[in-house]
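First up is the structure itself, then whatever we jot down about it.
There are 2 protein chains.
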Amino acid sequence: MQPPLPRPPQDRLDAVFAALADPTRRAILSMLLEDDMAVTDVAAPFAMSLAAISKHLGILAQAGLISQEKRGRVKWCKLEPDALREASVWMQAFGQFEPVNLDAFERFLERDLATDFPADPPPD
Amino acid sequence: MQPPLPRPPQDRLDAVFAALADPTRRAILSMLLEDDMAVTDVAAPFAMSLAAISKHLGILAQAGLISQEKRGRVKWCKLEPDALREASVWMQAFGQFEPVNLDAFERFLERDLATDFPADPPPD
DNA sequence: TTCATGTTCAACCATCCGGTTGACCATGCC
DNA sequence: GGCATGGTCAACCGGATGGTTGAACATGAA
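So the protein sequences, as listed, match chains A and B. Per our numbering, residue 0 is the first one in the first sequence, and the count goes up by one each step. Per our numbering, residue 0 is the first one in the second sequence, and the count goes up by one each step.
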């Protein structure tokens, strides 16, 4: 299992927000807020299969929101606040856009938009 | 007319995060940061059909991230930062990171704009 | 070795999502 | 009225998502 390849920041934002869009995954994150947990223990309170929870954890890990470390036959899951911080900062900047740091904000947006802005609509 | 929120806040978070998970929609939000826009003008820079953009705007509106008001035959779209703030508050529960400070934002920018960022947090 | 535990894999299924196209409705202008 | 413009609707399509089940793999215990 190789670590996820570095992705452009807009893809990382995609992954983080998509991961957060599911209530089960948000619940898992809140559980991990208290302590690291094994996969089976994460799954316990949910009314779905272990395999399903395993998939959810994979998605959270892919988004960088958690890390997983296998010790013995138990795989431990740990909250990784950094990815959340990025997205949180993105949102805060949006939610309270003061004139303050608009320069920096625009540089950031430029980067975020870079790939999906054609910026050159085909002439008709 | 039924005012907003027939649905629990859980679903609202679902909608907000899901809406933010798409780069086109984040791009639209950033455009609306500068000024209110008509649907056609929103669609202009994108290499996709007007109908597709219209759908994206519908999703953003459903999530409460924008509002739409029809004046004449033009439908104006306006950023609604409140929904963002709500989700932002949710996220702050997770970082023990301090409440809203743009210092964090600047640090993020520095890291994000660096030419290449570390692939993954090194395992400990 | 054998067995139980922890976790993932593979195949499958139903539904959702993002996009297209073409028809359609609404409005403003000549 | 007639027509161009602004925008949505409906049907469709391919691919992603969220769940299931059963088999398989990995490790620790007896």
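Backbone N, C-alpha and C define an ideal beta-carbon position, used for all residues, glycine too. Predicted, not measured: the structure shown is a model, and the values here were computed from it.
Outcome for residue i when other beta-carbon atoms lying within 10 angstroms are tallied against a minimum of 16
i	result
PRO44/A	exposed
LEU31/B	buried
GLU33/B	exposed
GLN91/A	buried
PRO22/A	exposed
ARG84/A	buried
MET47/B	exposed
ALA50/A	exposed
Residue i - DSSP class collapsed to helix/strand/coil
i	result
LEU78/A	strand
ARG70/A	strand
ALA37/B	strand
Anticipated Cβ contact below 8 Å, residue i with residue j, distance rounded
i	j	result
LEU19/B	LEU78/B	Their Cβ separation, rounded to whole angstroms, is 13 Å, which puts LEU19/B and LEU78/B out of contact at 8 Å.
VAL41/A	LEU56/A	7 Å
ILE52/B	VAL38/B	7 Å
8 Å CB neighbourhood of residue i in its chain, flanking five on each side removed
i	result
ALA82/A	ARG11, VAL15, ALA62, GLY63, LEU64
ARG25/A	LEU19
SER66/B	ALA60, CYS76, LYS77, GLU79
ALA86/A	LEU12, VAL15, PHE16, LEU19
TRP89/B	LEU12
LEU108/A	A caution first: LEU108/A carries a pLDDT of 45, below 50, which makes its placement in the model too unreliable to give a value.
Proximal residues to residue i (C-beta, below 6 Å), its chain only, five neighbours per side dropped
i	result
GLU68/B	TRP75
ASP35/B	TRP75, LYS77
PHE93/A	none
GLY71/A	none
Chain-order list of residues whose beta-carbon lies under 7 Å from that of residue i (same chain, five-residue window excluded)
i	result
LYS54/A	none
(request) Could you name the residues of the region 62 to 76 of chain B whose beta carbon sits closer than 8 Å to any beta carbon of chain A, in the order they occur along the chain? (result) Here the close residues number zero.
(request) Name, going along the chain, the residues of the region 32 to 56 of chain A whose beta-carbon falls closer than 7 Å to a beta-carbon of chain B. (result) Flagged, chain order: LEU32.
(request) With 9 Å as the C-beta to C-beta threshold (strictly closer), list the residues of the region 77 to 94 of chain A near chain B in chain order. (result) The residues in question are LEU78, GLU79, PRO80, ASP81, LEU83, ARG84, GLU85, ALA86, SER87, VAL88, TRP89, MET90, GLN91, ALA92, PHE93, GLY94.
(request) Please list the residues of the region 14 to 26 of chain A that have a C-beta atom closer than 9 Å to any C-beta atom in chain B, keeping them in chain order. (result) Among the residues of the region 14 to 26 of chain A, those with a Cβ less than 9 Å away from any Cβ of chain B are ALA14, VAL15, PHE16, ALA17, ALA18, LEU19, ALA20, ASP21, PRO22, ARG25, in the order of the chain.
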